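Student:
Chains as they are written, first to last, in UniProt numbering: chain A, 1 to 348; chain B, 1 to 348.
Okay, structure coming up:
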């Protein structure tokens, strides 16, 4: 949160739109065999042969989805990519390409956009995807990022939200709620900074939570893991809005009910400590906190033995008849209807 | 430009993000055989079999790319789609799907978004494409539209910017400059309206120009026309920034020069009249005015006989050796170097 007053500032209009695009995209390499033509024409050209094409898109708006007061541009670029790759992973598909469109107000110098594109480049290398196109323009206010992700899959491997069966188990990758609490920590530090700009924050006790918020990862590894375990999920979704919201999506589309067990929810020890410090119930955070970008999926009960020993996966509940509804079973064995309290971008 | 004070206003937060998406997308039908799964999951799923996939994306920002003072939302929705389909047409490919992401500030009621989506629906029907996904969120300021268009083509049919040869002819579809002058007329009427809101504009002499600005069409018909004429362009681009800018793109990427003939530039009679009224040179407008969304392409000189009688196509110049440069040959037979003075979104 400390500004370097001597940083270099090159105005965007010096370069012009085409110069800017050339400058920002010069480090992008084409690695995917399905990319026939990348940046530089009216459109990119892709060849997926006998594979199916999976496509998803997201819009990130400054002041709505991110706050540059604590979100470094490099992390923002990385996260913007990850969020979209997570949607492809949630189809049990392999992400292969993205397009990146950016609108910026004049207050951003070239150096800021370079930081942002460093993050995008880092993510594209980490996930072995090609940046194949986009658009760069000015905005009236703030920074806007629009990313479209493309992936490939065999038709028989694709997993939708609507395939869960009444007796299936509900499984989640990784742990829950940490990204949300990371955001709470950052918001608090921002307020402290506003009161006393010389205060040096000590964030050692929050590193995992902050990393989950600022540098989330897409669980593209889960597809490979499940393939190795010979498990095909019956339904799948990624956790962006919050666990409860995603469970309800699966239940509605699959026409099933669900029992979710509080005692099974995977949470990091750091989350427990910080929830105590903030006097927030960690179960509420695990259920409603969004932006974990873990995968939530259902499997046939017969597949339980194949996944039970895996440290990446936790069975957190089971599906039921639709008429039984969607419930959280608490540690005290009380049944509470599950409601979607996840983050809603329109209720600002 | 007259406001209906009694119009219904439903706030977006009443519906919530998922309710809004359901409401706005309920009229979208799936018609393309390549659309396996449309809106409603983490991603859409497409199947192009042995065809190649063509993909392009554009970001439209209120106050930068459009002004709602004279751009009705229905037209804006239509135009936002057309602009993207034009990029697919410029690859000599057939547009098949789009994703649509929207960010709006709270000042937009539901009814405004319905108007916008009416225009998007109209365009998707007119061009027989499926709306397969998107994102809806709030913005800090104004309206932001991000569209990604997907198309299909046989590999051998795809036309890039870099295939023009030294002896090729330069051809353009339709006429040039009208969209730009339509914008000038609308800007003038906006200023008149600001001075005297009771003034009723008489726009009869400007209908064609205004339509070219407010409701442009993508030349998806040209691909079929050229196929019928058995002509495959050697290079192609669409005219969004302006003819001169697009010619320079083709020349640079194809490593050729070009002579463009002033007397050959196709302009509408209405453009000539209005240019006189505004005291602007119509050639300057034809060369530098953007947003015509016509196709500019090169063909082998042997194909001249096949296209010469077609009223949709005009030969406006020929390519040369790269060392000869890029020139406009005026009616007075003077040779002037061609410069890209097209609209630059970053020079606001």
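Virtual Cβ for every residue (Gly too), placed ideally from N, Cα, C.
This one's a predicted model, so the numbers in the text were calculated from it and none came from an experiment.
Can you confirm whether residue 250 of chain B, when its beta carbon is compared against all beta carbons of chain A, has any partner nearer than 8 Å?
Tutor: Taking the first residue of the second chain as position 1, residue 250 of chain B is located at position 250. For residue 250 of chain B, the answer is no, since every Cβ of chain A falls outside 8 Å of its Cβ.
Student: Does any CB atom of chain B fall closer than 8 Å to the CB of residue 148 of chain A?
Tutor: In the first chain, residue 148 of chain A corresponds to position 148, counting from 1. For residue 148 of chain A, the answer is yes, since a Cβ of chain B falls inside 8 Å of its Cβ.
Student: Give a yes or no on whether the C-beta atoms belonging to residue 143 of chain A and residue 108 of chain A are separated by under 8 Å.
Tutor: Position 143 of the first chain, counting from 1, holds the residue named residue 143 of chain A. Position 108 of the first chain, counting from 1, holds the residue named residue 108 of chain A. Closer than 8 Å, so yes.
Student: Roughly how far, in whole angstroms, is the beta-carbon of residue 22 of chain A from the beta-carbon of residue 160 of chain B, given that I think they are within contact range, below 8 Å?
Tutor: To locate residue 22 of chain A, count along the first chain from 1; it is residue 22. To locate residue 160 of chain B, count along the second chain from 1; it is residue 160. Incorrect: roughly 17 Å between the Cβ atoms, too far for contact.
Student: Over the uninterrupted alpha helix (DSSP H) stretch that includes residue 135 of chain A, give me the two end residues.
Tutor: In the first chain, the residue the question calls residue 135 of chain A occupies position 135. Per DSSP, residue 135 of chain A belongs to no alpha helix (DSSP H); it is in the beta strand (DSSP E), 130-138.
Student: Mapping the DSSP letters down to three states, classify residue 344 of chain B as helix, strand or coil.
Tutor: If you number the second chain from 1, residue 344 of chain B lands on position 344. Caution applies to residue 344 of chain B, whose pLDDT of 48 falls short of 50 and renders its modelled position unreliable; the value that the coordinates give is listed next. Residue state, collapsed to three classes: coil.
Student: Shorter than 8 Å from the beta carbon of residue 140 of chain A to some beta carbon of chain E?
Tutor: Here the protein chains are A and B, and chain E is not one of them.
Student: Hey, is residue 26 of chain B's beta-carbon within less than 8 Å of any beta-carbon in chain A?
Tutor: Locating residue 26 of chain B in the second chain gives position 26, where the first residue counts as 1. No, residue 26 of chain B does not count as interfacial toward chain A.
Student: Could you name the residues of the same chain whose beta carbon sits closer than 6 Å to that of residue 330 of chain A, not counting the 5 residues immediately before and after it, in chain order?
Tutor: Here residue 330 of chain A refers to the residue found at position 330 of the first chain. Answer for residue 330 of chain A: 262, listed in chain order.
Student: Around the Cβ of residue 203 of chain B, are there at least 16 other Cβ atoms within 10 angstroms (buried) or fewer (exposed)?
Tutor: On the second chain, position 203 is the one that residue 203 of chain B refers to. Result: exposed.
Student: Residue range of the alpha helix (DSSP H) that residue 76 of chain A falls in?
Tutor: On the first chain, residue 76 of chain A is found 76 positions in, with the first residue counted as 1. Run containing residue 76 of chain A: 73-89, per the alpha helix (DSSP H) assignment.
Student: For chain B, find out if any of its Cβ atoms is closer than 8 Å to the Cβ of residue 161 of chain A; answer yes or no.
Tutor: In the first chain, counting from the first residue as 1, residue 161 of chain A sits at position 161. Yes, its Cβ sits closer than 8 Å to a Cβ of chain B.
Student: Return the CA-CA distance between residue 327 of chain A and residue 152 of chain A, expressed in angstroms with no decimal places.
Tutor: Locating residue 327 of chain A in the first chain gives position 327, counting from the first residue. Locating residue 152 of chain A in the first chain gives position 152, counting from the first residue. The alpha-carbon atoms of residue 327 of chain A and residue 152 of chain A are separated by roughly 35 Å.
Student: Which value, in whole angstroms, describes the spacing of the CA atoms of residue 182 of chain B and residue 288 of chain B?
Tutor: Working through the second chain from its first residue, we reach residue 182 of chain B at position 182. Working through the second chain from its first residue, we reach residue 288 of chain B at position 288. So the alpha carbons of these two residues sit roughly 14 Å apart.
Student: From A:219, A:197 and A:178, pick the residue whose C-alpha is nearest to that of residue 206 of chain A; which is it?
Tutor: Your numbering for residue 206 of chain A matches position 206 in the first chain. Answer by Cα proximity: A:178.
Student: Excluding five sequence neighbours on each side, which residues of the same chain lie with their C-beta closer than 7 Å to the C-beta of residue 188 of chain A?
Tutor: Stepping through the first chain from its first residue, residue 188 of chain A is reached at position 188. Cβ within range, chain order: n/a, list empty.
Student: Could you tell me whether the segment 209-225 of chain A touches the segment 81-95 of chain A, where touching means 3 or more Cβ pairs closer than 8 Å?
Tutor: Taking 8 Å as the limit for Cβ pairs, the verdict is that the segment 81-95 of chain A does touch the segment 209-225 of chain A.
Student: Please report the residue range of the alpha helix (DSSP H) in which residue 120 of chain B lies.
Tutor: In the second chain, the residue the question calls residue 120 of chain B occupies position 120. 110-126 is the span of the alpha helix (DSSP H), which, as asked, contains residue 120 of chain B.
Student: From the DSSP output, which residues share a beta bridge with residue 261 of chain A?
Tutor: As a working note, residue 261 of chain A is residue 261 in the first chain. DSSP lists A:329 as partners of residue 261 of chain A.
Student: For residue 332 of chain A, which option in A:318, A:283, A:314 and A:304 has the closest C-alpha, if you only look at C-alpha atoms?
Tutor: Within the first chain, the letter at position 332 stands for residue 332 of chain A. The candidate whose alpha carbon is nearest that of residue 332 of chain A is A:283.
Student: Would you call residue 243 of chain B buried or exposed, if buried means 16 or more other Cβ atoms sit within 10 Å of its Cβ?
Tutor: Numbered from 1 along the second chain, position 243 holds the residue referred to as residue 243 of chain B. Per the 10 Å Cβ criterion, buried.
Student: Note down, in chain order, every chain A residue with its Cβ under 8 Å from the Cβ of residue 227 of chain B.
Tutor: Within the second chain, numbered from 1, the residue matching residue 227 of chain B stands at position 227. Neighbours of residue 227 of chain B on chain A: none; closest Cβ ~18 Å, over 8 Å.
Student: Can you tell me whether residue 138 of chain A is buried or exposed, with buried defined as 16 or more other CB within 10 angstroms of its CB?
Tutor: For the purposes of this step, residue 138 of chain A is taken as residue 138 along the first chain, with counting starting at 1. Buried, by the Cβ-count rule.
Student: Between the segment 73-80 of chain A and the segment 98-116 of chain A, do at least 3 Cβ pairs fall closer than 8 Å?
Tutor: They touch, by the three-pair rule.
Student: Cβ of residue 223 of chain B within 8 Å of Cβ of residue 94 of chain B?
Tutor: Counted from its first residue, the second chain places residue 223 of chain B at position 223. Counted from its first residue, the second chain places residue 94 of chain B at position 94. The answer is yes: Cβ separation under 8 Å.
Student: Among all the DSSP beta bridges, which residues are the ones paired with residue 58 of chain B?
Tutor: Counting from one through the second chain, the residue named residue 58 of chain B turns up at place 58. Partner(s): B:147.
Student: Apart from the five residues just before and just after residue 31 of chain B, which ones in its own chain have a Cβ nearer than 7 Å to its Cβ?
Tutor: Counting from one through the second chain, the residue named residue 31 of chain B turns up at place 31. The residues are 128 and 130.
Student: Counting Cβ pairs, one atom from each stretch, are 3 or more of them under 8 Å apart for the segment 288-299 of chain B and the segment 167-175 of chain B?
Tutor: The segment 288-299 of chain B, when compared against the segment 167-175 of chain B, does touch it at the 8 Å Cβ threshold.
Student: Report the CB separation of residue 230 of chain B from residue 306 of chain B in whole angstroms; it is logged as a contact under 8 Å.
Tutor: Counted from its first residue, the second chain places residue 230 of chain B at position 230. Counted from its first residue, the second chain places residue 306 of chain B at position 306. Confirmed, Cβ separation roughly 6 Å.
Student: How would you list, in chain order, the residues of chain B whose beta-carbon sits under 7 Å from the beta-carbon of residue 42 of chain A?
Tutor: For the purposes of this step, residue 42 of chain A is identified with residue 42 of the first chain, where counting begins at 1. The contacting residues are 56, 87, 90, 91, 237 and 238.
Student: Would residue 51 of chain A and residue 154 of chain A qualify as a contact pair, given that the criterion is a beta-carbon distance under 8 Å?
Tutor: By one-based count along the first chain, residue 51 of chain A stands at place 51. By one-based count along the first chain, residue 154 of chain A stands at place 154. Yes, the pair counts as a contact, with Cβ atoms nearer than the cut-off.
Student: If we require 3 or more residues per run, which beta strand (DSSP E) segments fall completely within the segment 163-223 of chain B?
Tutor: Segments of the beta strand (DSSP E) lying fully in the segment 163-223 of chain B: 169-173.
Student: Using a Cβ-Cβ cutoff of 7 Å, what residues of the segment 306-337 of chain A are near chain B? List them in chain order.
Tutor: Residues: none.
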